[in-house]
Amino acid sequence: MKIHLNSEKCQGHGRCYSLASDLFDSDDLGNAVVLVTGELNADQLERATVAANNCPEYAIEIGA
Amino acid sequence: MDKQPVLDFATDFDHTDPAWVADPYPIMEDLRERCPIAHSNRYGGMWVPVLHEDVSAIANDTEHFTSRTVVVGSGRPTEEAPPAPIGVAPPISSDPPFHAIARRLMLPAFAPKPVNALEGFTRDLCSGLIDKMGDADIVNAGVDYSQHIPVGLIAKMVGLPQDQGDLFRGFVHTILEGIDQPMEVRMEMFAPIEAYIIKVIEEHMENPQDDLTSFLIDAEIMGQKLEPSHIFGTMVLLIVAGIDTTWSAIGSSIWHLAKNPDDLARIVADPSLLPSAIEEFLRAYAPVTMARLVKEDFDFKGCPMKKDDWILLGFPAANRDPAFFDRADEVIIDRVENRHAAFGLGIHRCMGSNLARMEMTVAIGEFIKRFPKFELADPDAVTFSQGQVRGPRNLPIRILERA
Numbered sequence: 005m006k007i008h009l010n011s012e013k014c015q016g017h018g019r020c021y022s023l024a025s026d027l028f029d030s031d032d033l034g035n036a037v038v039l040v041t042g043e044l045n046a047d048q049l050e051r052a053t054v055a056a057n058n059c060p061e062y063a064i065e066i067g068a
Numbered sequence: 002m003d004k005q006p007v008l009d010f011a012t013d014f015d016h017t018d019p020a021w022v023a024d025p026y027p028i029m030e031d032l033r034e035r036c037p038i039a040h041s042n043r044y045g046g047m048w049v050p051v052l053h054e055d056v057s058a059i060a061n062d063t064e065h066f067t068s069r070t071v072v073v074g075s076g077r078p079t080e081e082a083p084p085a086p087i088g089v090a091p092p093i094s095s096d097p098p099f100h101a102i103a104r105r106l107m108l109p110a111f112a113p114k115p116v117n118a119l120e121g122f123t124r125d126l127c128s129g130l131i132d133k134m135g136d137a138d139i140v141n142a143g144v145d146y147s148q149h150i151p152v153g154l155i156a157k158m159v160g161l162p163q164d165q166g167d168l169f170r171g172f173v174h175t176i177l178e179g180i181d182q183p184m185e186v187r188m189e190m191f192a193p194i195e196a197y198i199i200k201v202i203e204e205h206m207e208n209p210q211d212d213l214t215s216f217l218i219d220a221e222i223m224g225q226k227l228e229p230s231h232i233f234g235t236m237v238l239l240i241v242a243g244i245d246t247t248w249s250a251i252g253s254s255i256w257h258l259a260k261n262p263d264d265l266a267r268i269v270a271d272p273s274l275l276p277s278a279i280e281e282f283l284r285a286y287a288p289v290t291m292a293r294l295v296k297e298d299f300d301f302k303g304c305p306m307k308k309d310d311w312i313l314l315g316f317p318a319a320n321r322d323p324a325f326f327d328r329a330d331e332v333i334i335d336r337v338e339n340r341h342a343a344f345g346l347g348i349h350r351c352m353g354s355n356l357a358r359m360e361m362t363v364a365i366g367e368f369i370k371r372f373p374k375f376e377l378a379d380p381d382a383v384t385f386s387q388g389q390v391r392g393p394r395n396l397p398i399r400i401l402e403r404a
């Protein structure tokens, strides 16, 4: 499973990089960037899912 | 001018009605059940969605709704006011495509890195305010604490003197709470604000500083310096949007903790709960309601909306919608899934959200560190602001334990 970020939907609420700063970061504008683009381990998957479930814009999906 | 009290919020909505100001949540709940888009002939026509899906749809629909003005009032923008897509206070008043340009200019100053660099300043400010309270048994967490914190931050970022908080709060009050005054009175009330900001801009032109005012004066869009009206409008935005919003958010959080000793004790015992608690306070007590104007006559979900009707865009109502949030009316400080809309939805997401979060984290963290036990000194004495920004203003707190 991997993190898929839809940058068109991201509005920079910052929930993902606040919740999982090892998986997401902010760019210079405050919008999200993904730090771990490959397969997630179990711990990463759990936290990536929490981050996805807190995005007000539904910009993050966890999938194959 | 005395207004008629509201008898039915579904057909005669008014967010300045004392019943709404005192406790809007049961009214939202009632509307959700029987009329999820309320209407009013007040303010020249206004619609009030209370479902998350409707608030989200309107926030994301810049084709039918304009942000030309975002504060509901009795009048409409005058002929002289900058038109869409720019508006009076870019980027909050801007529509696409200009919005993205004006917003991009400001966003770097509010990204996590520059905001987090202000954490030490914020902590000193907060602990200084607590020191000033001395050993009083009852402190006013609104008047003596939360109202000063965003003023200090905004003054520092924009480059305004640190000791003029009363003046800025007066400005904010005029713009956000004076909405039921006639337009001529409001224009008159705005004159000193205009004069003050123009003076600040002139002083910065003579003597540039490392702050947002000088940044705006130097900034360019496609090789052109900003129009003076753009600089002025953005300064108004920074002062107004940055102050009573965060003041309200900090105050509402302290208000909740004063009423809920179990939540307070849990966070004091385990400060790692603070971030999720803050998101939950932002959800449950979202301070900010925005507004839009209907661009052209348009039918939205069976509502015959007319050009220039107001939309009161209630993010606080969206945040309490049980169709969207599990146990929406309960405050759950360790809520795991919380897609709250306190900072808006869509392209106008609050530009200062990182700043607001940092201020809340430091302000509430410092308060509960120094006062690990407290309660409301007089629940009936707590008063709330009127208008589109909701938060406690008078907030007497009895300190039960000091650290």
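Chains as they are written, first to last, in our numbering: chain A, 5 to 68; chain B, 2 to 404.
Ideal placement from N, C-alpha and C gives every residue a C-beta, glycine not left out.
*Are Ile102 (chain B) and Ala378 (chain B) touching if we call contact CB-CB under 7 angstroms?*
Here residue 102 (chain B) refers to the residue found at position 101 of the second sequence. Here residue 378 (chain B) refers to the residue found at position 377 of the second sequence. Cβ atoms of Ile102 (chain B) and Ala378 (chain B): not closer than 7 angstroms.
*Can you give me the Cβ contacts of Thr70 (chain B) inside the same chain, cut-off strictly under 6 angstroms, excluding the 5 residues immediately before and after it?*
Position 69 of the second sequence, counting from 1, holds the residue named residue 70 (chain B). Cβ within range, chain order: Pro78.
*Close Cβ partners of Phe14 (chain B) (< 6 angstroms) along its chain, the five nearest in sequence each way excluded*: Position 13 of the second sequence, counted from the start, is the residue given in the question as residue 14 (chain B). By the criterion of a C-beta distance shorter than 6 angstroms, Phe14 (chain B) is surrounded in its chain by Ala39, Ser41 and Val49, once the five residues flanking it on both sides are discounted.
*Compute the Euclidean distance between the alpha carbons of Arg124 (chain B) and Ile348 (chain B), then round it to the nearest angstrom.*
If you number the second sequence from 1, residue 124 (chain B) lands on position 123. If you number the second sequence from 1, residue 348 (chain B) lands on position 347. Arg124 (chain B) and Ile348 (chain B): Cα-Cα distance of roughly 31 angstroms.
*Nearest chain A C-beta to Met2 (chain B) closer than 7 angstroms, yes or no?*
Walking along the second sequence from the start, residue 2 (chain B) turns up at place 1. In this prediction, Met2 (chain B) has a pLDDT of 49, which is less than 50 and means its spatial position is unreliable; what the coordinates show is noted afterwards. False, the Cβ-Cβ gap to chain A never drops below 7 angstroms.
*Give, in chain order, every residue of the region 352-378 of chain B whose Cβ lies closer than 7 angstroms to some Cβ of chain A.*
Ser354 and Asn355
*Excluding sequence positions up to five away, which residues of its chain have a Cβ less than 7 angstroms from the Cβ of Ala90 (chain B)?*
Position 89 of the second sequence, counted from the start, is the residue given in the question as residue 90 (chain B). So the list reads Gly234, Thr235, Val237 and Leu238, once near-sequence residues are dropped.
*Looking at the unbroken beta strand (DSSP E) that takes in Phe169 (chain B), where does it start and where does it end?*
Start at 1 with the first residue of the second sequence, and residue 169 (chain B) comes out as number 168. Where Phe169 (chain B) is concerned, there is no enclosing beta strand (DSSP E), although the alpha helix (DSSP H) it sits in stretches over Gly166 to Val173.
_For the beta strand (DSSP E) containing His8 (chain A), name the first residue and the last one._
As a position in the first sequence, residue 8 (chain A) is number 4, starting the count at 1. The continuous beta strand (DSSP E) containing His8 (chain A) extends over residues Lys6 to Leu9.
*Cutoff 7 angstroms: Leu44 (chain A) Cβ touching any chain B Cβ*: As a first step, residue 44 (chain A) must be located in the first sequence, where it is residue number 40. Closer than 7 angstroms: no.
_Beta-carbon spacing of Leu265 (chain B), Leu258 (chain B) below 7 angstroms_ = For the purposes of this step, residue 265 (chain B) is taken as residue 264 along the second sequence, with counting starting at 1. For the purposes of this step, residue 258 (chain B) is taken as residue 257 along the second sequence, with counting starting at 1. Yes. Within cutoff.
*Round the Cβ separation of Asn58 (chain A) and Asn339 (chain B) to the nearest angstrom and send it over; I've been treating them as touching at under 8 angstroms.*
Taking the first residue of the first sequence as position 1, residue 58 (chain A) is located at position 54. Taking the first residue of the second sequence as position 1, residue 339 (chain B) is located at position 338. About 6 angstroms separates the two Cβ atoms, so the contact holds.
*For Val186 (chain B) versus Val289 (chain B), is the C-beta distance shorter than 7 angstroms?*
Your numbering for residue 186 (chain B) matches position 185 in the second sequence. Your numbering for residue 289 (chain B) matches position 288 in the second sequence. No; because the gap between Cβ atoms is not below 7 angstroms, this pair is not in contact.
*CA nearest to the CA of Ile222 (chain B), picked from B:Thr63, B:His100 and B:Pro262*: Against the second sequence, residue 222 (chain B) aligns to sequence position 221. Looking at the Cα atoms, B:His100 is the closest of the given residues.
_At the level of alpha carbons, what is the spacing between Phe344 (chain B) and Ser68 (chain B)?_
The residue you call residue 344 (chain B) lines up with position 343 of the second sequence. The residue you call residue 68 (chain B) lines up with position 67 of the second sequence. For Phe344 (chain B) and Ser68 (chain B), the gap between their C-alpha atoms comes out near 15 angstroms.
_Please list, in chain order, the chain B residues whose beta carbon lies closer than 7 angstroms to that of Val54 (chain A)._
If you number the first sequence from 1, residue 54 (chain A) lands on position 50. Result: Val337.
*asked:* Between Ser253 (chain B) and Phe282 (chain B), how many whole angstroms is the CB-CB distance? I'm expecting something under 8 angstroms.
replied: On the second sequence, residue 253 (chain B) is found 252 positions in, with the first residue counted as 1. On the second sequence, residue 282 (chain B) is found 281 positions in, with the first residue counted as 1. 6 angstroms between Cβ atoms; contact.
_Cβ-based burial, Gly121 (chain B) [other Cβ within 10 Å; buried from 16]_ = For the purposes of this step, residue 121 (chain B) is identified with residue 120 of the second sequence, where counting begins at 1. Gly121 (chain B) comes out exposed.
_Quick check on the DSSP output: the beta strand (DSSP E) that includes Ser254 (chain B) runs from which residue to which?_
Locating residue 254 (chain B) in the second sequence gives position 253, where the first residue counts as 1. Segment Pro229 to Lys260 is the alpha helix (DSSP H) holding Ser254 (chain B); no beta strand (DSSP E) there.
_Checking 7 angstroms against the spacing of the C-beta atoms, do Val73 (chain B) and Tyr44 (chain B) come in under that value?_
Locating residue 73 (chain B) in the second sequence gives position 72, counting from the first residue. Locating residue 44 (chain B) in the second sequence gives position 43, counting from the first residue. Taking the C-beta atoms as reference points, Tyr44 (chain B) is found nearer than 7 angstroms to Val73 (chain B).
_Can you tell me whether Met2 (chain B) is buried or exposed? The criterion is at least 16 other CB atoms within 10 Å of its CB, across all chains shown._
Counted from its first residue, the second sequence places residue 2 (chain B) at position 1. Interpretation of Met2 (chain B) is limited by its pLDDT of 49, a score under 50 that renders its predicted location unreliable; no figure is taken from the coordinates.
*Mind checking the region 119-152 of chain B against chain A and listing, in chain order, the residues whose C-beta falls within less than 7 angstroms of any C-beta there?*
none
*Can the beta-carbon of Ser11 (chain A) be found closer than 7 angstroms to that of Tyr21 (chain A)?*
Working through the first sequence from its first residue, we reach residue 11 (chain A) at position 7. Working through the first sequence from its first residue, we reach residue 21 (chain A) at position 17. No; because the gap between Cβ atoms is not below 7 angstroms, this pair is not in contact.
_Contact between the region 299-312 of chain B and the region 320-340 of chain B is defined here as three or more beta-carbon pairs at a separation below 8 angstroms; is this criterion met?_
no
*asked:* For Thr45 (chain A) and Gln165 (chain B), what's the separation of their Cα atoms in angstroms?
replied: On the first sequence, residue 45 (chain A) is found 41 positions in, with the first residue counted as 1. On the second sequence, residue 165 (chain B) is found 164 positions in, with the first residue counted as 1. Checking the displayed sequence, the identity of residue 45 (chain A) turns out to be Asn instead of Thr. If you take the alpha carbons of Asn45 (chain A) and Gln165 (chain B), they lie about 53 angstroms apart.
*Write down every uninterrupted run of the alpha helix (DSSP H) in the region 15-50 of chain A whose length is 4 residues or greater and which is fully enclosed by it, in chain order.*
Qualifying alpha helix (DSSP H) stretches, in chain order: 19-23.
*asked:* Quick check on this structure: which residue in B:Leu119, B:Leu396, B:Phe375 and B:Phe372 has the alpha carbon closest to the alpha carbon of Val383 (chain B)?
replied: Numbered from 1 along the second sequence, position 382 holds the residue referred to as residue 383 (chain B). Per the Cα distances, B:Leu396.
*Can you tell me the Cβ-Cβ gap for Phe372 (chain B) and His53 (chain B), rounded? I've got them flagged as a contact below 8 angstroms.*
Translated into positions along the second sequence, residue 372 (chain B) becomes position 371. Translated into positions along the second sequence, residue 53 (chain B) becomes position 52. Going by Cβ atoms, the distance from Phe372 (chain B) to His53 (chain B) rounds to 35 angstroms, so no, they are not a contact pair.
*Classify Arg328 (chain B) as buried or exposed, calling it buried when 16 or more other Cβ atoms lie within 10 Å of its own Cβ.*
Reading the second sequence from its first residue, position 327 is the one you call residue 328 (chain B). Exposed, since its Cβ has fewer than 16 Cβ neighbours within 10 Å.
*asked:* Using the three-state DSSP reduction, which class does Leu119 (chain B) fall into: helix, strand or coil?
replied: Within the second sequence, numbered from 1, the residue matching residue 119 (chain B) stands at position 118. DSSP places Leu119 (chain B) in coil when its eight states are reduced to three.
*Does any CB atom of chain A fall closer than 7 angstroms to the CB of Pro229 (chain B)?*
As a working mapping, residue 229 (chain B) is identified with position 228 in the second sequence. Chain A contact via Cβ: absent.
*Using the DSSP secondary-structure output, state which residues sit across from Gly345 (chain B) in a beta bridge.*
Against the second sequence, residue 345 (chain B) aligns to sequence position 344. Looking at the DSSP assignment, Gly345 (chain B) forms no beta bridge with any residue, so it has no partner.
*Within 7 angstroms, strictly: CB atoms of Pro147 (chain B) and Glu367 (chain B)*: Translated into positions along the second sequence, residue 147 (chain B) becomes position 146. Translated into positions along the second sequence, residue 367 (chain B) becomes position 366. Before going on, a small fix: residue 147 (chain B) reads as Ser here, not Pro. Going by C-beta atoms, Ser147 (chain B) is not nearer than 7 angstroms to Glu367 (chain B).
_Please tell me whether Pro115 (chain B) has its Cβ less than 7 angstroms away from any Cβ of chain A._
As a position in the second sequence, residue 115 (chain B) is number 114, starting the count at 1. Taking Cβ atoms only, chain A never reaches closer than 7 angstroms to Pro115 (chain B), which makes this a no.
*How many angstroms separate the CA atom of Gly143 (chain B) from the CA atom of Arg33 (chain B)?*
Numbered from its first residue, the second sequence carries residue 143 (chain B) at position 142. Numbered from its first residue, the second sequence carries residue 33 (chain B) at position 32. The straight-line gap from Cα to Cα measures roughly 31 angstroms.
*Near Glu43 (chain A), which residues of its chain fall below 8 angstroms by C-beta distance, leaving aside the five closest residues on each side in sequence?*
In the first sequence, counting from the first residue as 1, residue 43 (chain A) sits at position 39. Closer than 8 angstroms at Cβ, skipping near neighbours: Met5 and Lys6.
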